[in-house]
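The structure appears below as structure tokens.
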Amino acid sequence: MSQDAEPTSDPRRWIALITMLSGAFMNLLDVSIANVALPSLRADLGASFSAVQWLLAGYTLAFAALLITGGRLGDMFGRKRLFLIGMIGFAVASALCGAAPTPGVLVGARILQGAAGALMVPQVLATIQVTFSPAERIKALGAFGATAGLGTVSGPLLGGVLIQADLFGWGWRSIFFINVAIAAIAVPIAFLVVRESRNTQAARLDLPGVVLVTAGLLLFVYPIVQGRENDWPLWGWLMMIAGLVVLAFFAWYERRRTSPLVPMTLFGRRSFTAGVLTGLAFFGGIASFFLVLTFYLQYGLGFTPLRAGLTTLPFSIGVGVLSVAATKLAPKLGRLTVMIGAAVMALGIGGVVYTIGEYGPRIESWQLIPAMAIAGAGMGLVVAPLADIILAGVDRKDAGSASGVINTAYQIGNALGIAVLGSIFVSLLGSQVGPAVDHVAPQIRAVITVPAAQDAAIAGFETCLYDRVTADDTAVVPASCQAVSAAAASSPSPETAAVANAAATEARERVFGGATQRTLGWQLGLLALTLLLMTALPRGKGVHAGPPSA
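Using the working numbering, you'd call the opening residue of the sequence shown number 1 and step up by one each time.
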């Protein structure tokens, strides 16, 4: 297929789809799998919280900034060609991540990963759009939705298994080396079975448009990522405003181009504009949900990476099962499918909040199973139908550009969610120290008989706990905690050290539990906004069958 035409019954199209979905899976896997490795990675490289945030968001920044350009390049030079270039580049960058000797090198390699992913990922949705007939497209998008969900949420489990196994002594590094193995299998298959497609009417690349959209996205996303570390300075707000101004100028410029990087006519369709905004809000909560949950399970409860991964497994199962069901429901229910999905996901996250509050420090993985499965089921009902609604009626010649815009919106949502909700979570940790100390104070008083010494011990304990949970580098023991440990060790009572350790463990669990509950409350608000935006989507049933309603 040298140019875009009516989809044909290529007998290899489903094998080609599975092969290309491996690229999408690899991309999403690398976003979520890094979460579970954060404690091991920080201990090995001595990475600060800022470096960890850049490890996650630096990838997103490069990915989001170049997605639209990657989609357009696929339209012009061939989607198969760009997919193969992107996957090979992704594998090379992954190898550099796995071999990184310092946090700075790792962040740089992650940025290269994001750039390669921006060449690879837009070609998946674009190829679905030009390869499958409208009747088959919802099934292909269902597979894409299941892959997106599973790639996002199976990362913690796979990461936990790899880190626990410590293959070849690689530890956390194996989570990046696995991409090299996936690409080694997928690239030759894709070369053989994926049919080339391109828009032969596309003119040369709109370089001024590339510069404008990249600059606008960087100006907007960079301060969102870096803002918390610098206490949200004025320059960050000015950069975001400048980014919006540049993006507005980009839109004005593109309307006057005969061969624009992004056809502005796409935004004339209600399904496209409302769907992109909905996706931005919805995916803003997904990445941050798992970031917060990872910190709660591993730092708060002390779970191993494998146990943390197993705890999130019900979410993955829920996504996989309901993504398949969504392909049957969407043609009948239309936008109601995604609205039900968002409501179900809110119910599941609400269940996580309730479970944490109900069981507190005594919580076990199995107690989170129902809520996690429900939340995953909700996500499964949203991803595929939403992509179908957004793409409905998009001309095949604009499939790459449309896919780039969609994925850019998703990634900006991810970056916003990680930066904003991640910052809320970190700030809430400190605010939960007081209530947690009040709860364990009777245990400390019980082993200290002198009232004045009780007050001093509790004050020192609270200072230590605050310094520990708000520390940028959790591997370093704060001086306040060293003083508390020394005082407990020198106590004439042999019970003092044991009580202090037990109180510290319970207090830490309560701090992280309280911060997690309150952060998830903000995410429920984000889901409520998503539901509101979904009311602007077209009502029509069978959204895959033709153009959306006006």
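Just so you know, even glycine gets a beta-carbon here, dropped at the ideal spot from N, CA and C. This structure is a prediction, so every number in the text was calculated from the model and none was measured.
Query: Would you report the Cα separation of GLN226 and LEU329, rounded to the nearest angstrom?; Result: 41 Å
Query: Given this structure, state the Cα-to-Cα distance separating VAL321 from ALA140, to the nearest angstrom.; Result: 15 Å
Query: From the DSSP output, in three-state form, read off SER423 for me.; Result: helix
Query: Grab the span of the alpha helix (DSSP H) containing LEU291 for me, first residue to last.; Result: 270-294
Query: Compute the distance between the beta-carbons of SER22 and GLY142, then report whether it is under 8 Å.; Result: no
Query: Can you have a look at ALA181 and say buried or exposed, based on whether 16 or more other CB atoms are within 10 angstroms of its CB?; Result: exposed
Query: How about ILE412 and LEU280: do their beta carbons lie closer than 8 Å?; Result: yes
Query: With C-beta atoms as the reference, is GLY360 less than 8 Å away from GLN432?; Result: no
Query: Report the rounded CA-to-CA distance for ALA528 versus ILE340, giving the unit in angstroms.; Result: 12 Å
Query: By the three-class DSSP mapping on this structure, what secondary structure does VAL194 have?; Result: coil
Query: Looking at the structure shown, is ASN199 part of a helix, part of a strand, or coil, going by DSSP?; Result: coil
Query: Can you give the beta carbon distance from GLY60 to GLY114, rounded, assuming they're within the 8 Å contact cut?; Result: A small fix is needed here, since residue 60 is Thr in this sequence, not Gly. The Cβ separation is near 7 Å, so the contact holds.
Query: Residue range of the alpha helix (DSSP H) that GLU254 falls in?; Result: 234-255
Query: Tell me which same chain residues have a C-beta within less than 7 Å of the C-beta of TRP522, skipping the five on either side of it?; Result: LEU421, ILE424
Query: Roughly how many whole angstroms lie between the Cα atoms of SER174 and GLY117?; Result: 19 Å
Query: Where does the unbroken alpha helix (DSSP H) through SER316 begin, and where does it stop?; Result: 305-333
Query: Can you list, in chain order, the residues of its chain whose CB lies under 8 Å from that of GLY86, leaving out five sequence neighbours each side?; Result: GLY23, GLY70, ALA116, GLY117, ALA118, LEU119, MET120, VAL121, GLN123
Query: Looking at the unbroken alpha helix (DSSP H) that takes in ILE363, where does it start and where does it end?; Result: ILE363 -> no alpha helix (DSSP H), and no H or E assigned at all.
Query: Is ARG198 buried or exposed, if buried means 16 or more other CB atoms sit within 10 Å of its CB?; Result: buried
Query: Going by beta-carbon coordinates alone, are ALA246 and LEU266 separated by less than 8 Å?; Result: Checking the sequence, you will find Val at residue 246 rather than Ala. Not closer than 8 Å, so no.
Query: Reducing DSSP to helix, strand and coil, say where PHE132 ends up.; Result: coil
Query: How should VAL543 be labelled, buried or exposed, when 16 other C-beta atoms within 10 angstroms of its C-beta is the threshold for buried?; Result: Since pLDDT at VAL543 reaches only 48, below the 50 mark, its modelled position is unreliable, and the value read off the structure follows with that caveat. Result: buried.
Query: Determine the direct distance from the alpha carbon of GLY300 to that of SER480, and round the result to whole angstroms.; Result: 20 Å
Query: Less than 6 Å between C-beta atoms, sequence neighbours within five positions excluded: which residues of the same chain meet that for ALA346?; Result: LEU524, LEU527
Query: For ALA503 and ILE444, what's the separation of their Cα atoms in angstroms?; Result: 7 Å
Query: Got a sec, what are the start and stop residues for the alpha helix (DSSP H) ARG583 sits in?; Result: As displayed, the chain neither begins before 1 nor continues past 550, which places residue 583 out of reach and without an answer.
Query: So, helix, strand or coil for TRP172, using DSSP?; Result: helix
Query: Would you kindly check if the distance between the Cβ of PHE176 and the Cβ of GLY98 is under 8 Å?; Result: yes
Query: Checking 8 Å against the spacing of the C-beta atoms, do LEU137 and GLY58 come in under that value?; Result: The question names Leu, but residue 137 in the sequence shown is Arg. The answer is no: Cβ separation not under 8 Å.
Query: Where does LEU261 sit, in a helix, a strand or coil, going by DSSP?; Result: coil
Query: Out of THR294, ILE356, LEU125, ARG42, which has the shortest C-alpha to C-alpha gap to ARG518?; Result: ILE356
Query: Please classify GLY159: does DSSP put it in a helix, a strand, or coil?; Result: helix
Query: Helix or strand or just coil, what does DSSP make of ALA550?; Result: Reliability fails at ALA550, whose pLDDT of 28 lies under 50, so the model's placement of it is uncertain and no value is given.
Query: Hey, how far is the Cα of TRP553 from the Cα of LEU291?; Result: A question about residue 553 goes unanswered here, because the residues of the chain that appear run from 1 up to 550.
Query: Work out the CA separation of VAL469 and VAL426 for me, nearest whole Å.; Result: 9 Å
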